[in-house]
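Using full-length UniProt numbering, the first residue of the sequence shown is number 1, and each one after it goes up by one.
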Amino acid sequence: MELAGTRLVEERDVRGFDTGMFIDAAYRQATINLAVGGVGGGRGLTVAEDTWRRWEDAVARVERMVCTCTIDEAGAGAAGPRIATTFRAVGKAERRDLDRLATDMSLRSPALYDHAEAMGLAARPMSAADVGSVVCRGLTGSSGSFDDLGRVRWESSTDQVVVSSPVLEPVGAGNGAVDGGVGPARRRCVALTADTSDPSVAGVIDQIMADWENLDEVCGAALVRRTRFFRPYVVPEGTGENRATGHGRRWAVLTIVGTPAVDAVLRQVVDAVPEVGLKVRRRRGVQRVSVLSGVGVGVCGWQHTTGADRIGRI
Numbered sequence: 001m002e003l004a005g006t007r008l009v010e011e012r013d014v015r016g017f018d019t020g021m022f023i024d025a026a027y028r029q030a031t032i033n034l035a036v037g038g039v040g041g042g043r044g045l046t047v048a049e050d051t052w053r054r055w056e057d058a059v060a061r062v063e064r065m066v067c068t069c070t071i072d073e074a075g076a077g078a079a080g081p082r083i084a085t086t087f088r089a090v091g092k093a094e095r096r097d098l099d100r101l102a103t104d105m106s107l108r109s110p111a112l113y114d115h116a117e118a119m120g121l122a123a124r125p126m127s128a129a130d131v132g133s134v135v136c137r138g139l140t141g142s143s144g145s146f147d148d149l150g151r152v153r154w155e156s157s158t159d160q161v162v163v164s165s166p167v168l169e170p171v172g173a174g175n176g177a178v179d180g181g182v183g184p185a186r187r188r189c190v191a192l193t194a195d196t197s198d199p200s201v202a203g204v205i206d207q208i209m210a211d212w213e214n215l216d217e218v219c220g221a222a223l224v225r226r227t228r229f230f231r232p233y234v235v236p237e238g239t240g241e242n243r244a245t246g247h248g249r250r251w252a253v254l255t256i257v258g259t260p261a262v263d264a265v266l267r268q269v270v271d272a273v274p275e276v277g278l279k280v281r282r283r284r285g286v287q288r289v290s291v292l293s294g295v296g297v298g299v300c301g302w303q304h305t306t307g308a309d310r311i312g313r314i
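Here it is in structure tokens:
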């Protein structure tokens with residue numbers, strides 16, 4: 001499984017904040033999550049597209065960054081916005097001893113929240129307990145810890161997954177009403193991708209997020225999670241490492257938690273603008289990877305799909 005080599009550790013950064021990090025031993029990577037506060041508008045849970053884009057532009061040249069993703073949710077049980085940034089280990093010593101990578105990240109993390117504050121976002125590192133709880137809730141709809149995910153069962157098909165968790169306390173969108181009455185321990189999730197490098201696509205998705213709470217009559221207790229990815233373009237250096245160019249690729253994973261009726265509502269909205277509908281697609285055959293990539297644990301979809309999987313997909 002994609003999280004088999006991942007552990008959650010905690011370091012105190014140079015400014016005294018306890019910082020949880022997902023350490024991925026297989027890919028020699030570390031992922032830091034920032035909680036974003038002070039967001040205005042609606043329920044205070046979503047962040048406008050232009051703000052996220054300015055964040056990406058600000059961090060585009062940060063060295064060693066594999067990708068950054070910005071996560072916000074709308075609907076029942078929505079969590080507050082987060083920023084998850086993944087860095088790679090550099091040098092033989094760091095690749096052998098990933099504790100060195102964690103220590104180095106504790107030195108680098110202030111640059112991330114300084115960039116966020118320059119965008120008007122009050123961002124701070126999340127402790128291991130806090131980020132573990134948010135991720136568990138995002139996947140299972142229940143309160144718990146990152147360690148509890150080891151007991152989660154995934155029922156995967158070509159175009160959806162059902163996440164089953166054992167007797168954890170349900171929260172918000174994790175209840176039976178979301179999943180068609182199949183019980184509080186089951187969550188039906190569908191992942192779609194969108195090419196957000198196209199401003200018209202990004203704008204429509206922004207509007208969907210803003211309007212989601214007004215769709216309660218159709219969507220019920222459903223939740224939508226938008227995870228916007230920025231993967232910097234790099235050029236090779238003579239040292240064997242890569243240098244960031246300041247540019248990159250943008251896309252989003254939309255995770256819909258709820259009944260098939262919710263999928264249909266979203267499809268109708270995006271298809272109303274033909275040039276947008278063509279660039280929002282269901283992630284067939286890679287649903288579990290896509291759902292995991294959307295919760296900020298450092299699962300990068302392109303690292304977990306085969307060459308055949310990538311054909312014709314974002």
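Glycine residues also receive a C-beta, built at the ideal position from the N, C-alpha and C atoms. Note that the structure is predicted; figures quoted are calculated from it, not measured.
Please go through the same chain and pick out, in chain order, the residues whose beta-carbon is closer than 6 Å to the beta-carbon of Leu98, but skip the five residues on each side of it.
Correct list, in chain order: Ile23.
Please report the distance separating the alpha-carbon of Cys69 from that of Ser133.
Rounded to whole angstroms, Cys69 to Ser133 spans 18 Å at the Cα level.
beta-carbon Ala35 near the ligand SAM non-hydrogen atom, thresh 7 Å
Annotation note on the ligand SAM: not contained in the displayed structure, which lists no ligands.
Would Arg225 and Trp52 qualify as a contact pair, given that the criterion is a beta-carbon distance under 8 Å?
Contact flag unset, no.
Measuring straight from C-alpha to C-alpha, what distance separates Val9 and Glu275?
About 43 Å.
Of the residues Gly91, Arg7, Asn214 and Gln303, which one's Cα is nearest the Cα of residue 331?
Because the chain here runs from 1 to 314, residue 331 falls outside it and cannot be looked at.
Close Cβ partners of Ala116 (< 6 Å) along its chain, the five nearest in sequence each way excluded
If you ignore the 5 residues before and after Ala116, its C-beta comes within less than 6 Å of the C-beta of Ala123, all in its own chain and listed in chain order.
Closer than 7 Å by C-beta to Arg231: which residues in its own chain qualify, once you throw out the five before and the five after it? Chain order, please.
Counting only Cβ-Cβ distances below 7 Å, and skipping sequence neighbours, we find Cys67, Gly248 and Arg249.
Among Val59, Glu11, Val190 and Ser156, which has the Cα closest to the Cα of Ala222?
Answer by Cα proximity: Val190.
In chain order, what residues of the same chain lie with their CB nearer than 7 Å to the CB of Glu2, ignoring the 5 residues before and after it?
Excluding residues within five positions, the ones whose Cβ falls inside 7 Å are Val289, Leu292, Val299 and His304.
Could you tell me the distance, in whole angstroms, from the CA atom of Ser197 to the CA atom of Arg82?
For Ser197 and Arg82, the distance between alpha carbons rounds to 20 Å.
According to DSSP, is Gly37 helix, strand or coil?
Under the three-state reduction of DSSP, Gly37 is assigned to strand.
Taking only the alpha-carbon atoms, compute the straight-line gap between Thr158 and Arg282 and give it to the nearest angstrom.
Their backbone Cα atoms lie some 10 Å apart in a straight line.
Would you grab the beta carbon distance between Gly16 and Met126 for me? Rounded to a whole angstrom, and I think it's under 8 Å.
Not quite, the Cβ-Cβ distance comes to about 14 Å (not below 8 Å), so this is no contact.
What are the partner residues of Glu10, as DSSP defines its beta bridges?
Glu10 is bridged to Gly20.
Are the stretch 98-107 and the stretch 25-37 touching, with three or more C-beta to C-beta distances below 8 Å?
Because the criterion of three Cβ pairs below 8 Å is met, the stretch 98-107 and the stretch 25-37 touch.
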